[in-house]
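Notes for the one structure printed next.
In full-length UniProt numbering, the protein residues as written are 1 to 162.
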């Protein structure tokens, strides 16, 4: 019957995604034990660097997070000197979040840690397999993002993992 194999593949993918999310959560938990930095707050640096200074509310919308959670994370970033608030040119009463030099350095450290870990995980892979996974995983993420209400394809930052 046509489509049966496709359904089986979709079913298998639907079972693998929760496993992937659990593994990412376990990895974040393991890393957090040995690291005092608030990693959930640090991931907010990715879209701020990629898109430039944003209002806090816009950042919350972009990452699909509760504004109170973003407020707490932004407070931690400001306190650590990784982000500073600057006046919004369009509305002087509002502020935008600007990544500081220390924030850029922290982001680069986080990026290197991720790359080192993925490098170890995929060390035994053929280059073509890694390239195929990277392409298809990016495509999957873009297509999932496109199905979220109010989200344009690719709007979520590739560095954002909550």
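No residue lacks a Cβ here, since even glycine has one placed at the ideal position from N, Cα and C.
In this model, residue 96 and residue 21 are separated by some 31 Å (Cα to Cα). The beta carbon of residue 87 is closer than 7 Å to those of 95 in its chain, skipping five residues each way along the sequence. Residue nearest to residue 48 within the set 65, 83 and 69 is 83 (criterion: CA-CA distance). Distance from the CA of residue 123 to the CA of residue 111, rounded to the nearest whole angstrom, comes to 18 Å. If you compare the alpha carbons of 68, 29, 129 and 136 with that of residue 13, the shortest gap goes to 136. Pairing residue 81 with residue 102 gives a Cβ-Cβ distance under 8 Å.
The continuous alpha helix (DSSP H) containing residue 49 extends over residues 45–51.
Short of 8 Å from the beta carbon of residue 55, and not among the five residues preceding or following it, lie these beta carbons of its own chain, in chain order: 88, 94, 95, 96 and 97. Under the three-state reduction of DSSP output, residue 93 falls in the coil class, being neither helix nor strand. When the beta-carbon positions are compared, residue 60 and residue 67 come within less than 8 Å of each other. Counting only unbroken stretches of 4 or more residues, the alpha helix (DSSP H) elements lying wholly within the UniProt domain "HTH marR-type" (3–142) are 4–33, 39–42, 45–51, 56–62, 67–79 and 101–121, in sequence order.
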